[in-house]
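Chemist: Structure incoming, see below.
Chains as they are written, first to last, in my numbering: chain A, 1 to 653; chain B, 1001 to 1229; chain C, 2001 to 2319; chain D, 3001 to 3222.
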């Protein structure tokens, strides 16, 4: 529907109603991250007070346990509300109740826009980038602590209680981060550019998703002062119901992050479906956009289950319902089912964007079209669809529906078929190519190498008899680190190195980039490959004690993990030096890409495209000298020019 | 965005400095939450038995969790009661435990832990009386257990039947009703840290009575750190 | 864009130098076949017999066999991709960096795509059939099968042992010996054993590594796992589902002993523990302790018709 | 691009075609967005329904319902909440039809009535939740009921909020339109987008009706 460029039947008539002019606020009334912090703290305090007022009198809530979960949940919830209020995410929703139009914030070219509620998808993308990196490095530091504790089999450097808390915190933060790692920064920034749109469909929802993401980060951090949570990232009940205050941070944090995930997916789906430029038919949509569409569908549809399951958990802990407590008519299986019904699509939320980036980058560095484009998209949607039907493979030994195990073994193994499509596509693209080993290409190839190991070991896990040995062991741990860290994070870094010239107009030092890649690649494998062996040798996940004969492998892994951590410092140094302190200007299109996003000026103007481009070809025609250009973006100036009315035309539901 | 180079360097330095500071601060604050370790190993002579005195209280009575049940250990050098559950003991040594039990009892979640196991002679002495088994459904029930599952040590501690219970630690044996439980075992030859805990679901207000203090080191869980003397 | 844009199989292009292309595909496939064969044979003969979890029981040796079969299927896949990657990256690398020559145009290759899909599908379905057979024939392959296992061992003499998980230790009840409960796990050789795994509180997971047994311990659920012992020796038991503070310390050792030794041990222990066994609740497959602790508290007692039960197995809820 | 880049948003020059294209995109996005919102809500409520059927069919320890009907949630309240919500839905759907027919007064009246009815449902649902004859942790039914009541409150707030923003926006737009001498049934962008949004709200309301009836049957009837 979006390729029709004719004018609507009726004349446009009067201009849409003018919106209220942007109010000129004094500096101290402007909303930014500082007001957000202030209101978040105020909301936290208010919630704490209210929780104690409301529930403090019930001995079952705050009596002998000495801990008022109602107060903790309320303070976290109101804290998040204050955060959103302070940043200005709720201005429009509140104004809407009085029939007001959205206020168009004045265009702000200064750096302060990154600390404000911005409806520019490019600003949101950059904000997400720093959010994701902060999240990633925080959780990465916790990983270093985990590996430190595992240096000795029975001596404890950190202590068992703290260790369990750190394990849970690391896992949860990484999962929260990884589900937005690509969709957030690269998806929001690039999708409109790639499809030739001037904006996303629901820019305020997009911005709100980012500020919920940051709120989720703060909420999950509060788990540590509240005493952590002992359940790991899976939060199994009834241990969840038994745990102390940090568990509330986990549940509220996941709910907040989950809402952000839903909103981010929601906006991107509508954008990709409706804001494609004229001529951007489905067959011309870049593979990366396809992957983001598949991911967004999973984000929007799988995450509500997590939020609902979290709500039940919060009710169990505050209102003392018994969803997950068997002795009171609940079921511990209920959480396992609901959680994994979200949890397995979540795994592909983290894998698909990685496929997209790699398939998008390979043609540029092989100077070839992407091989079997339709197979690639079919593969992504096949994975997305199948991912809803495999969740019980996490529960093969649980005693839940044991007779259904062959079915889930089948669906799980079937997923390797569409995943195999991706390999067909990427390997086919390499065939007789002209491969340039630039930094993004190295990361993309590294992803292919790592994900292969992660994927193949996944088949081992799907096989029920073998799963009896490897389930819940370090083998699983190594498997999903190979797919997420080795897959998604490598792809993310490929994307970062690839698109930074577009986003910043500056270029990384390529030699340092290559050093970063090789350190990360080698030490990643040294860290996680031994974990496969440890798992096969009988080391369960999340333990602080292990057999003495496993110490060498553990120590090898730990030392490699430190070096892996250090390799990120190379990236940070590279970033600080060549992007911030001594900027190196990048050529307009350093990799010679045909992608539409590279046809825009750098830095990308506020409305992305001077004229909405007319797309004429898919961006993979590297081999053809006489191929049509991807898009015509140099149309003559309009016959009837008019100033765009400042009011946003879309009405958001 | 146009800033002088020196401004940018300064800005980056400040951000990095704040980040490093935060990491160090949070890390140190977090590590610091570990309770102290009472040392029974230093100065220990081979062949000599070690005497450990502990007490259990129904409510610790102060600090961040005044309602929580807790163990305390007496420092052998100063004689002061320390609010901790970590103790260093020498390897391959007989340790004589004396536990002053100030809490009320209840039936056990699993009567299996009513059995005395892993001590020398497979018995304990309760107020001077030698016992191998506590029936938690009769008498005053069992208040707590001192159990090291990986070493096979398990000692149930008889509950106090008096309604007049000590509520603020440390409790004075002269003032409050209590039971004195004595037992001994020989520490393993292998150095390492052995988890010990209580198996009575005495974490009031928590699901299964096993949250809060029951899952916090320094209250009802601890480490027996076996070290080379 | 149509896949038919691509040229014939294997994908070829026409750009580049005029010299004829060497037979890339043939070279790769030959190398791949040889190396796969060599690695598979080496793996099966050298590593295969030592792969975990060993062959102490039927479930363990079954798991070992399955692992080996999967490895034999997986190694050629991995080697194939590596071979291709290595070959392609070396031979198709751009010699002169900086220039942007184009590679051959190949949007797709219909036969290759169909071949790939058929190949992966056949492999996957084959693995599924194999996995299902290996799950059903050895009676659940040592995994937890829930309260009513449909895949049961053929042996008529099955020794039931109840495994009770509790924060944080394992205890074992022997219903055929008066239901005594002990912390030591001793099982007889050449016997089919049914582990009935349950929990008194949160979810644990009973993992007897060398036995090839893994079953979740769920509250109020009887999760059954079967195996037949073949060898004497010691095995490790660990908790494999995060269950709180001392999850990592929830481990122990069990022993497979001769039948005679087992009978002697069991009779002796039954007598030793008789005093405590009398106090235990009568043997049941599952037990229902109160959700509250000894001092009560999480859920208020006596606000509704729910009895206050504090000890495991004492009573069911009054309905 | 040779020409100078306009970096100020206000400086962007749009052609008629671009305006029309963006309008259609916004309209389409509204349609997709509202339907997607229904999809999201379906997954959320399906989780609750799953919990209900899982606990009911499992009937752990016979604790799905401890003591039969007497201790279930008060049927009258449930029926009233459902009735008010169904009325709100009917009024919304009616209102949108009137809007499309150009009967603006009727649309406005029905719209506000729908908001009022929804608020009554909300109030009753909150009152019922705080005055239940059973303890939340009594049994499986009690737990699921609390879950339903909580989710229902959130969903009703969302639906009523949506409808309220529509009628409130209408009041403002009407004045502006009157000042320009045009009416609401015109093909003006603002009018078209407004109708698309109202249409989406009605679609969501219909979903709400289905959910209300479905869960009313689950919790009060069977």
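Glycine residues also receive a C-beta, built at the ideal position from the N, C-alpha and C atoms.
(1) List, in order along the chain, the chain B residues whose C-beta lies closer than 9 angstroms to that of residue 2241/C?
(2) May I have the straight-line CA-CA distance separating residue 2121/C from residue 526/A, to the nearest angstrom?
(3) Who are the near neighbours of residue 307/A in its chain, counting only those whose CB is closer than 7 angstroms to its CB and skipping five residues on each side?
(4) Residue 1084/B and residue 1212/B - do their beta-carbons sit closer together than 9 angstroms?
(5) Determine which residues of the region 306-338 of chain A have a Cβ less than 8 angstroms from any Cβ of chain D, and write them out in chain order.
(6) If you measure between the beta carbons of residue 239/A and residue 2243/C, is that distance less than 9 angstroms?
(7) Can you list, in chain order, the residues of the region 270-294 of chain A whose Cβ is nearer than 9 angstroms to any Cβ on chain D?
(8) Apply the 10 Å Cβ neighbour rule to residue 489/A and answer buried if 16 or more other Cβ atoms are within range, or exposed otherwise.
(9) Name, going along the chain, the residues of the region 1069-1094 of chain B whose beta-carbon falls closer than 9 angstroms to a beta-carbon of chain C.
(10) Please decide whether residue 3135/D counts as near chain C, where near means a Cβ-Cβ distance under 9 angstroms.
(11) Do you know how far the Cα of residue 1010/B is from the Cα of residue 1019/B?
(12) Quick one: does residue 1101/B have its CB under 9 angstroms from some CB of chain C?
(13) For the region 2239-2270 of chain C, list every residue whose C-beta sits within 9 angstroms of some C-beta in chain A, in sequence order.
(14) Is the Cβ-Cβ distance between residue 2148/C and residue 473/A less than 9 angstroms?
(15) State the beta-bridge partners of residue 1144/B as determined by DSSP.
(16) Let's see if you can read the secondary structure: which residues bound the alpha helix (DSSP H) around residue 609/A?
(17) Do you know how far the Cα of residue 510/A is from the Cα of residue 444/A?
(18) Taking the alpha carbon of residue 272/A as the reference point, which residue from 246/A, 198/A, 466/A, 213/A has its own alpha carbon closest?
(19) Within the continuous alpha helix (DSSP H) that includes residue 1994/C, where are the two ends?
(20) For residue 1044/B, report the span of its alpha helix (DSSP H) as first-last.
(21) Under 8 angstroms Cβ-Cβ, which residues of chain A neighbour residue 2127/C?
(22) Could one say the Cβ of residue 1192/B lies closer than 9 angstroms to chain A's Cβ atoms, at least one of them?
(23) Are the C-beta atoms of residue 2284/C and some chain D residue less than 9 angstroms apart?
(24) Run down chain C in chain order and give the residues with a C-beta less than 7 angstroms from the C-beta of residue 456/A.
(25) Specify whether the region 104-121 of chain A and the region 83-91 of chain A touch according to this definition: at least 3 beta carbon pairs, one from each stretch, less than 8 angstroms apart.
(26) Under 7 angstroms between beta-carbons, which chain C residues line up against residue 1195/B? List them in chain order, please.
(27) Which first and last residues belong to the alpha helix (DSSP H) in which residue 2170/C is found?
(28) Compare the C-beta of residue 2210/C against all C-beta atoms of chain D and say whether one is closer than 9 angstroms.
(29) Would you please state the rounded distance, in angstroms, between the beta carbons of residue 2219/C and residue 2200/C? I believe it to be under 8 angstroms.
(30) Within the same chain, show all residues whose beta-carbon is closer than 8 angstroms to that of residue 1120/B, passing over the 5 residues directly before and after it, in chain order.
(31) Identify the continuous beta strand (DSSP E) that holds residue 582/A and give its terminal residues.
(32) Along the beta strand (DSSP E) that carries residue 1125/B, what are the first and last residues, could you check?
(33) What would DSSP say about residue 519/A, mapped onto helix, strand or coil?
(34) Verify the CB distance criterion: does residue 2278/C have a CB-CB separation below 9 angstroms to chain A?
(35) Ends of the alpha helix (DSSP H) at residue 3127/D?
(36) Consult DSSP for residue 2046/C and reduce its assignment to one of helix, strand or coil.
Modeler: Put simply:
(1) Walking along the third chain from the start, residue 2241/C turns up at place 241. Within chain B, no residue comes near residue 2241/C; the closest Cβ sits about 16 angstroms away, beyond 9 angstroms.
(2) Your numbering for residue 2121/C matches position 121 in the third chain. Your numbering for residue 526/A matches position 526 in the first chain. Approximately 32 angstroms, taken between the alpha carbons.
(3) Walking along the first chain from the start, residue 307/A turns up at place 307. Around residue 307/A: 255, 258, 259.
(4) If you number the second chain from 1, residue 1212/B lands on position 212. If you number the second chain from 1, residue 1084/B lands on position 84. Contact flag unset, no.
(5) 307, 308, 309, 311, 312, 315, 316, 319, 320, 321, 322, 323, 325, 326, 327, 328, 329, 330, 331, 333, 334, 337, 338
(6) Taking the first chain and counting its residues from 1, the one referred to as residue 239/A is at position 239. Taking the third chain and counting its residues from 1, the one referred to as residue 2243/C is at position 243. Yes, these two residues count as a Cβ contact at 9 angstroms.
(7) 270, 271, 273, 274, 275, 276, 277, 278
(8) Walking along the first chain from the start, residue 489/A turns up at place 489. Buried, since its Cβ has 16 or more Cβ neighbours within 10 Å.
(9) 1069
(10) Here residue 3135/D is taken as the residue at index 135 of the fourth chain, counted from 1. Cβ-Cβ to chain C under 9 angstroms: yes for residue 3135/D.
(11) As a working note, residue 1019/B is residue 19 in the second chain. As a working note, residue 1010/B is residue 10 in the second chain. Rounded to whole angstroms, residue 1019/B to residue 1010/B spans 14 angstroms at the Cα level.
(12) Locating residue 1101/B in the second chain gives position 101, counting from the first residue. Residue 1101/B does not count as touching chain C.
(13) 2239, 2240, 2241, 2242, 2243, 2244, 2245, 2246, 2247, 2248, 2249, 2250, 2251
(14) In the third chain, the residue the question calls residue 2148/C occupies position 148. In the first chain, the residue the question calls residue 473/A occupies position 473. The answer is no: Cβ separation not under 9 angstroms.
(15) By one-based count along the second chain, residue 1144/B stands at place 144. Residue 1144/B is bridged to 1157/B.
(16) Counting from one through the first chain, the residue named residue 609/A turns up at place 609. Counting along the chain, residue 609/A falls outside any alpha helix (DSSP H), and DSSP gives it neither H nor E.
(17) If you number the first chain from 1, residue 444/A lands on position 444. If you number the first chain from 1, residue 510/A lands on position 510. If I take the Cα positions, the gap works out to 15 angstroms.
(18) Residue numbering aside, residue 272/A sits at position 272 when the first chain is read from its first letter. Residue 198/A is the option with its Cα nearest to residue 272/A.
(19) Residue 1994/C is absent from the structure shown; chain C starts at 2001 and stops at 2319.
(20) As a first step, residue 1044/B must be located in the second chain, where it is residue number 44. Looking at the DSSP string, residue 1044/B is not in any alpha helix (DSSP H), and its letter there is neither H nor E.
(21) Sequence index remark: in the third chain, residue 2127/C carries index 127 (1-based). Simply 413, 459, 463.
(22) For the purposes of this step, residue 1192/B is identified with residue 192 of the second chain, where counting begins at 1. Chain A contact via Cβ: present.
(23) Within the third chain, residue 2284/C is the residue found at index 284, counting from 1. It does not: the Cβ of residue 2284/C has no partner Cβ on chain D nearer than 9 angstroms.
(24) If you number the first chain from 1, residue 456/A lands on position 456. Within chain C, the residues near residue 456/A are 2074, 2077, 2078.
(25) yes
(26) In the second chain, counting from the first residue as 1, residue 1195/B sits at position 195. Those within 7 angstroms of residue 1195/B in chain C are 2246, 2249.
(27) The residue given as residue 2170/C occupies position 170 in the third chain. Careful: residue 2170/C lies outside any alpha helix (DSSP H), inside the beta strand (DSSP E) at 2169-2174.
(28) Your numbering for residue 2210/C matches position 210 in the third chain. No, residue 2210/C lies away from the interface with chain D (no Cβ there is under 9 angstroms from its Cβ).
(29) Taking the first residue of the third chain as position 1, residue 2219/C is located at position 219. Taking the first residue of the third chain as position 1, residue 2200/C is located at position 200. Confirmed, about 7 angstroms.
(30) As a position in the second chain, residue 1120/B is number 120, starting the count at 1. Closer than 8 angstroms at Cβ, skipping near neighbours: 1094, 1183, 1184, 1185, 1186.
(31) In the first chain, counting from the first residue as 1, residue 582/A sits at position 582. Taken as a continuous stretch (DSSP letters only), residue 582/A belongs to no beta strand (DSSP E), as it is neither H nor E.
(32) Here residue 1125/B is taken as the residue at index 125 of the second chain, counted from 1. 1124-1126 is the extent of the beta strand (DSSP E) around residue 1125/B.
(33) In the first chain, counting from the first residue as 1, residue 519/A sits at position 519. In this structure, residue 519/A counts as helix in the three-state DSSP scheme.
(34) Within the third chain, the letter at position 278 stands for residue 2278/C. Answer no: the Cβ-Cβ gap between residue 2278/C and chain A never drops below 9 angstroms.
(35) Taking the first residue of the fourth chain as 1, we reach residue 3127/D at position 127. First-last of the alpha helix (DSSP H) with residue 3127/D: 3104-3130.
(36) One-based indexing of the third chain puts residue 2046/C at position 46. Helix.
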